[in-house]
């Protein structure tokens, strides 16, 4: 593999990892507050559909992003109502959201556009254009540094840069603010937080809302940045991959970046090379794409430390009287 090919694979890695990163951070906030959410897939799918639909009708990519966030927030509100207010089973609520989004997007897509559940192809201002960073063209001819800056760092859409900016922002919010301290405490010991006079329900709804916004950005990027429109089941399991990455990352923002980049890299390698030749052995791409799951199982088995979820995760809080 030459240097140019490596840069292309890494560039593809960044693009493929971005929706996973948004979704992984979304699950991190929700689960840190004690609300397990396996409905990330459904929220991403609904956001992708509505963002592409609005962008196709209005021709505005930013109105599409806002519509995607709205769709995801709506499903987050349903999940919060079921899991927090009515103290229902969080896993069942997440599964219901996935099924609802899967069926509703196809039904509405066929009703609105008559294209078999797809939206019209997006062009011009209806989808994200790449951003060329300052001095990229001037630095490009330089050896080594030029291709890295001009082709790997520069040339991505706005949501890619926003996704990477969300990592330090999430770390700061969780570990350097009063809200972050309370959010983490609610996921570990909600009774102690309640005793201190802080609303457990309020904190959990805030975390679910943040989860909805980030899932909305993930879905919008899929439809408006990575692709040029919505297609049936276009999330292709990325919400579940994000959950695996979240466990791999041990519910920490910087680890989430590394985990999603690993998933994105292996997917990029699998897309670039249908088979990998190692002498007389040919490794199929399916095995490469399955490697992150194998690694996750190995880690959870205790070779690099046990990944422990928040203690109060998945448990509805009942206020003591």
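In the numbering used here, the protein residues as written are 1 to 321.
Cβ atoms here follow ideal geometry from the backbone N, Cα and C, with glycine treated the same way.
Being a predicted model, the structure only gives us computed values, none of them experimental.
Among the candidates the options, whose CA atom is the shortest distance from the CA of residue i?
i           : options            : result
residue 122 : 54, 100, 138, 104  : 54
residue 70  : 245, 83, 44, 88    : 44
residue 26  : 266, 209, 317, 258 : 209
residue 285 : 267, 292, 279, 63  : 267
residue 46  : 239, 125, 291      : 239
residue 169 : 254, 249, 129      : 254
residue 76  : 23, 111, 174       : 23
residue 127 : 2, 223, 246, 9     : 223
residue 291 : 257, 245, 279      : 245
residue 322 : 67, 165, 317, 132  : Since the displayed the chain opens at 1 and closes at 321, residue 322 lies outside it and no answer follows.
residue 188 : 177, 200, 262      : 200
residue 118 : 186, 48, 7         : 48
residue 120 : 230, 192, 247, 136 : 230
residue 129 : 236, 247, 178, 227 : 227
residue 236 : 101, 6, 80         : 101
residue 124 : 153, 178, 62, 152  : 62
residue 132 : 115, 277, 151      : 151
residue 184 : 42, 241, 141, 34   : 34
residue 78  : 67, 90, 68         : 90
residue 174 : 138, 252, 6, 282   : 252
residue 167 : 99, 257, 283, 192  : 257
residue 316 : 50, 7, 80, 42      : 80
residue 234 : 8, 7, 2, 42        : 42
residue 7   : 114, 153, 213, 136 : 153
residue 113 : 213, 283, 50       : 50
In terms of residue numbering, what span does the beta strand (DSSP E) encompassing residue i cover?
i           : result
residue 201 : Run containing residue 201: none in the beta strand (DSSP E); it sits in the alpha helix (DSSP H), 200–221.
residue 282 : 281–284
Exposed or buried, what is residue i when buried is set at 16 or more other beta-carbons lying within 10 Å of its beta-carbon?
i           : result
residue 181 : exposed
residue 310 : buried
residue 211 : buried
residue 31  : buried
residue 176 : exposed
residue 19  : buried
residue 190 : buried
residue 263 : buried
residue 116 : exposed
residue 163 : buried
residue 67  : buried
residue 283 : exposed
Do you know how far the Cα of residue j is from the Cα of residue i?
i           : j           : result
residue 294 : residue 288 : 10 Å
residue 4   : residue 265 : 16 Å
residue 232 : residue 111 : 14 Å
residue 143 : residue 10  : 17 Å
residue 303 : residue 297 : Bear in mind that a pLDDT of 48 at residue 303, under 50, signals an unreliable position, so the number given afterwards is only what the model happens to contain. Each residue's alpha carbon lies about 10 Å from the other.
residue 171 : residue 60  : 32 Å
residue 28  : residue 280 : 42 Å
residue 148 : residue 73  : 37 Å
residue 319 : residue 64  : 40 Å
residue 313 : residue 250 : 14 Å
residue 161 : residue 198 : 35 Å
residue 178 : residue 195 : 16 Å
residue 259 : residue 248 : 6 Å
residue 308 : residue 221 : 30 Å
residue 139 : residue 225 : 25 Å
Could you please give the first and the last residue of the uninterrupted alpha helix (DSSP H) stretch that includes residue i?
i           : result
residue 79  : 61–80
residue 11  : 3–32
residue 102 : 90–113
residue 261 : 253–272
residue 44  : 40–58
residue 155 : Per DSSP, residue 155 belongs to no alpha helix (DSSP H) and is neither H nor E.
residue 240 : 238–248
residue 187 : 178–188
residue 138 : 136–139
Is the segment 52–70 close to the segment 267–277, with three or more CB pairs under 8 Å? no
Does the segment 195–208 come into contact with the segment 81–94, if we say contact requires no fewer than three beta-carbon pairs (one atom in each stretch) closer than 8 Å? yes
Are there three or more Cβ pairs, one per stretch, closer than 8 Å when the segment 211–218 is compared with the segment 87–107? no
Count Cβ pairs between the segment 33–42 and the segment 89–97 that sit closer than 8 Å; are there 3 or more? yes
Three or more C-beta pairs below 8 Å linking the segment 10–17 and the segment 151–164: yes
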